[in-house]
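> Using full-length UniProt numbering, read the sequence shown as starting at 1 and increasing by one per residue.
C-beta: ideal position from N, C-alpha, C; glycine also.
All values derive from a computational prediction rather than experimental measurement.
Below is a structure I'd like to ask you about.
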Amino acid sequence: MIVFRPFKGEIITGVIQKCTPEGIRITTRFFDDIFVPPTMLFEGCVYNETEQTWVWETEGDPIYLDEGTIVNVRVEAEKWNDQAPTPPKIRKPGEPEPAPVVEYRVPYSIEVLYPDHKLREHF
């Protein structure tokens, strides 16, 4: 069995999978639940609704953080979600069955800083 659990502060390489106003989702091709919230992007990064991507507004030309871009990120936090099943609710006779509530949360996700301030010289 192989376990993927990077430590806090570790630099990992991934690919930008999706950009939304909520942040950037990154994949390592074998693990997809890596997330960069807007607060952990470069200062000066803004979401471009038209292009549907994040843009780093620099003094020179803007840098687009497009899907498919290879990036280095620093692990800041990990989130665990309990996946234990919940017991069924007991209904009284004649009581209608409630509509199923589907709430899926990934069991494990990583929150990262992009890009790490030490990696800025690579841009």
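Is the beta carbon of Trp-54 closer than 8 Å to that of Ile-11?
Here the question's residue 11 lines up with position 11 in the sequence shown. Here the question's residue 54 lines up with position 54 in the sequence shown. No, Cβ-Cβ distance for Ile-11 and Trp-54 is not below 8 Å.
> Taking 8 Å as the cut-off, decide whether the C-beta atoms of Tyr-114 and Val-46 are in contact.
Taking the first residue of the sequence shown as 1, we reach residue 114 at position 114. Taking the first residue of the sequence shown as 1, we reach residue 46 at position 46. Contact: no.
> Here's the rule I'm using: 16 or more other beta-carbon atoms within 10 Å means buried, otherwise exposed. How should Cys-19 be labelled?
As a first step, residue 19 must be located in the sequence shown, where it is residue number 19. The residue is buried, with at least 16 neighbouring Cβ atoms inside 10 Å.
> Using only CA atoms, which one of Pro-21, Glu-49 and Thr-27 lies nearest to Leu-41?
If you number the sequence shown from 1, residue 41 lands on position 41. Out of Pro-21, Glu-49 and Thr-27, Pro-21 has the C-alpha closest to the C-alpha of Leu-41.
> What's the C-alpha gap between Pro-87 and Thr-50?
As a first step, residue 87 is located in the sequence shown; it is residue number 87 there, counting from the start. As a first step, residue 50 is located in the sequence shown; it is residue number 50 there, counting from the start. One C-alpha to the other measures close to 45 Å.
> For Gly-44, which residues of its own chain have a beta-carbon under 8 Å away from its beta-carbon, when the five flanking residues on both sides are left out?
If you number the sequence shown from 1, residue 44 lands on position 44. Excluding positions up to five away in sequence, the list reads Trp-56, Glu-57 and Thr-58.
> Cα-Cα, which of Val-3, Val-15, Met-1 and Phe-4 is closest to Leu-65?
Locating residue 65 in the sequence shown gives position 65, counting from the first residue. Closest option to Leu-65, Cα to Cα, is Val-15.
> Alpha carbon to alpha carbon, how far is Met-1 from Phe-31?
Taking the first residue of the sequence shown as position 1, residue 1 is located at position 1. Taking the first residue of the sequence shown as position 1, residue 31 is located at position 31. Going from the Cα of Met-1 to the Cα of Phe-31 covers about 15 Å.
> Less than 8 Å between the beta carbons of Val-112 and Arg-74, yes or no?
Residue 112 sits at position 112 when you count from the first residue of the sequence shown. Residue 74 sits at position 74 when you count from the first residue of the sequence shown. Closer than 8 Å, so yes.
> If you measure between the beta carbons of Ile-110 and Glu-78, is that distance less than 8 Å?
Within the sequence shown, the letter at position 110 stands for residue 110. Within the sequence shown, the letter at position 78 stands for residue 78. Yes.
> If you measure between the beta carbons of Asp-33 and Tyr-108, is that distance less than 8 Å?
Here residue 33 refers to the residue found at position 33 of the sequence shown. Here residue 108 refers to the residue found at position 108 of the sequence shown. It is a contact, given that the beta carbons lie within the stated cut-off.
> If you follow the beta strand (DSSP E) that Tyr-64 is in, where does it begin and where does it stop?
In the sequence shown, residue 64 corresponds to position 64, counting from 1. Counting along the chain, the beta strand (DSSP E) containing Tyr-64 begins and ends at 63-65.
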